[in-house]
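Colleague: Anchor point for the sequence shown: position 41 equals 30 in the working numbering, and the numbering is continuous, going up by one each time.
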Amino acid sequence: MADWNELGKVARNWTYEAAEQIKEALANPFKVEAKSGPDDLVTEVDKNTEAFFYNKVRETFPEHSFLGEEGTAEKLENTDGITWIIDPIDGTMNFVQQKIKFAISIGIYEDGVGKVGIVYDVMADEMFYAVKGVGAYVNEVELVAGKERPLNESIISLNARWLTETDHPHANPLLALVRDSRSVRSYGAAAIELAYVAADRLDAYVSVNLSPWDYAGAQVLLEEMGYRATSFSGETLSLLNGGTVIAAKPALQREIVSAYVGEEN
Ligand code: 2AM
Ligand code: CA
Ligand code: CA
Ligand code: CA
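1) Figure out for me which residue from V46, M214, K64 has the closest Cα to the Cα of G122.
2) According to DSSP, what are the bridge partners of I181?
3) Going straight from the alpha carbon of E137 to that of K238, what length do you get?
4) With a floor of 3 residues, list each beta strand (DSSP E) that falls wholly inside the segment 180 to 233, ordered by position along the chain.
5) Can you tell me whether DSSP reads Y176 as helix, strand or coil?
6) Flag V31 as yes when its Cβ comes closer than 8 Å to any non-hydrogen atom of ligand 2, and as no otherwise.
7) Tell me, please, whether the segment 173 to 181 touches the segment 140 to 151 by the rule of three or more beta-carbon pairs shorter than 8 Å.
8) Residues in its own chain within less than 7 Å of D35 by CB, not counting five upstream and five downstream?
9) Can you look up V(-1) in the DSSP assignment and give me helix, strand or coil?
10) F50 bridges to which residues according to DSSP?
11) Is the segment 65 to 76 close to the segment 98 to 106, with three or more CB pairs under 8 Å?
12) Taking 9 Å as the cut-off, decide whether the C-beta atoms of A92 and V105 are in contact.
13) For the candidate residues L65, P201, D110, whose alpha-carbon lies nearest to that of Y185?
14) D21 bridges to which residues according to DSSP?
15) Is the segment 46 to 55 touching the segment 196 to 211, taking contact as three or more C-beta pairs under 8 Å?
16) Which runs of the beta strand (DSSP E) at least 3 residues long sit entirely within the segment 38 to 125? Give them in chain order.
17) Considering only heavy atoms of ligand 1, does any lie closer than 8 Å to the CB of G177?
18) For the putative contact between Y249 and L183, defined by C-beta atoms under 8 Å, what is the C-beta separation to the nearest angstrom?
19) Does ligand 1 have even one heavy atom less than 8 Å from the beta-carbon of F91?
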């Protein structure tokens, strides 16, 4: 049986090592490419960081599987055994243009069950991590479950762009959600926003399109806190396919699904 505390420590040490390399890279010019459009970027730093983790996992745990955003490893066919799901830089646009608010995200799963979760905000030096059944932490401080707040006292995080795409099927429910909440934030890094929900800095985070590497790390944090993350229709998030995501404390999460983003709306 794997020692998840120990594996978590190894993963955090690699994360700190990778973060040092990212900060060094940030001090020099690097190549930026657009993927699907001007808001979907990748740099050589994303690719090098993913390769760093892939090589570490391959050398140290050859029996483990690996999934990363930038395609270093083969596509994942299933979630049997121990799988590392990594986003080498979450918030690449922030990385390129703002040079703050980006994270390394790692989820380690066993047969589809989240065991270790890491979201490291590199420039803030904030290490959010959880080990299933042990606890969730930011740096060395254990996170304590926050109280539920009614929607009109809740701060919701989402990408405001979705509100402007009026022919998008989710635009109207999201407009209503924004109207009924206390206020809205937008940080541009899904893993950080999900970790903020786990840390009770945000009450909810909503996205119309994420991939498994965006939420695999933070999902372990959210589960450890007893919070919920599902698709807009209330389904468990998949590690093989992405889609819509709504994460919040359980009562608020259920309310947002049933009264706003769920299929009956
Ligand atoms: P990324 O920076 O790793 O690409 C805001 O763009 C947030 O949504 C980021 O966390 C980003 O992750 C994520 N995201 C997911 N799919 C995306 C896409 N197709 N284009 C841009 N961002 C995407
Ligand atoms: Ca990306
Ligand atoms: Ca991402
Ligand atoms: Ca990324």
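Backbone N, C-alpha and C fix where the C-beta goes; we use that ideal spot for every residue, glycine too.
This structure is a prediction, so every number in the text was calculated from the model and none was measured.
Modeller: On the basis of the coordinates in this document:
1) Considering only V46, M214, K64, the residue with the shortest C-alpha distance to G122 is M214.
2) Looking at the DSSP output, I181 bridges to nothing.
3) When rounded, the distance between both Cα atoms is 6 Å.
4) Within the segment 180 to 233, the complete beta strand (DSSP E) segments of 3 residues or longer fall at 193 to 199, 217 to 219, listed in chain order.
5) Annotated three-state conformation of Y176 is coil, per DSSP.
6) Yes; taking the cut-off as 8 Å, the Cβ of V31 has a heavy atom of ligand 2 nearer than that.
7) By the Cβ rule, the segment 173 to 181 counts as touching the segment 140 to 151, because three or more pairs are nearer than 8 Å.
8) Hits under 7 Å: E59, P77, I78, T81.
9) V(-1): helix per DSSP, three-state reduction.
10) The secondary-structure analysis by DSSP pairs F50 with nothing; it has no beta-bridge partner.
11) Judged by Cβ distances under 8 Å, the segment 65 to 76 makes contact with the segment 98 to 106, as three or more pairs qualify.
12) Contact flag unset, no.
13) The candidate whose alpha carbon is nearest that of Y185 is D110.
14) The sequence given here places Val at residue 21; Asp does not occur at that position. Bridge pairing for V21: T32 [DSSP].
15) These segments do not touch.
16) Unbroken beta strand (DSSP E) stretches of 3 residues or longer found wholly inside the segment 38 to 125: 54 to 57, 71 to 79, 92 to 99, 102 to 110, 115 to 120, given in chain order.
17) If you check the C-beta of G177 against ligand 1, you find a heavy atom less than 8 Å away.
18) For a cut-off of 8 Å, the C-beta gap from Y249 to L183 is around 18 Å, too long to register as a contact.
19) At a threshold of 8 Å, F91 counts as near ligand 1, since its beta carbon sits closer than that to one of the ligand's heavy atoms.
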